[in-house]
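**Student:**
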Amino acid sequence: MNEIEIKSWRELNKFLNENDFKKWEIDSYYSEGYRLEGVVLKLKEEKNEI
2 MNEIEIKSWR
12 ELNKFLNEND
22 FKKWEIDSYY
32 SEGYRLEGVV
42 LKLKEEKNEI
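Quick note: the sequence shown uses this note's numbering, first residue 2, plus one each step.
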């Protein structure tokens, strides 16, 4: 699961509380005023530093 689409603020809040939010970044979002229509989150690529 590298990408997830979320359709409401409540669903977004629940997802971020249940998962490590620091590993995710917003790829795109759709809103109408304060109403969230959808957000696409992508898993951040891990950088392996030596």
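C-beta atoms are modelled at their ideal positions from N, C-alpha and C, and glycine is treated no differently.
Within 10 Å of its beta-carbon, does Val41 have 16 or more other beta-carbons around it, so buried, or fewer, so exposed?
**Tutor:** exposed
**Student:** What span of residues does the beta strand (DSSP E) with Glu6 cover, start to end?
**Tutor:** Glu4 to Ile7
**Student:** Whole angstroms is fine: what's the gap from Tyr1's alpha carbon to Glu47's?
**Tutor:** Nothing can be reported for residue 1: it is not among the residues displayed for the chain, which extend from 2 to 51.
**Student:** What span of residues does the alpha helix (DSSP H) with Glu26 cover, start to end?
**Tutor:** Counting along the chain, Glu26 falls outside any alpha helix (DSSP H), though it belongs to the beta strand (DSSP E) covering Trp25 to Glu33.
**Student:** Please return the same chain residues whose Cβ sits closer than 6 angstroms to the Cβ of Trp10, not counting the five positions on each side in sequence.
**Tutor:** If we look at Trp10 and ignore the five residues flanking it on each side, its Cβ neighbours are Leu37.
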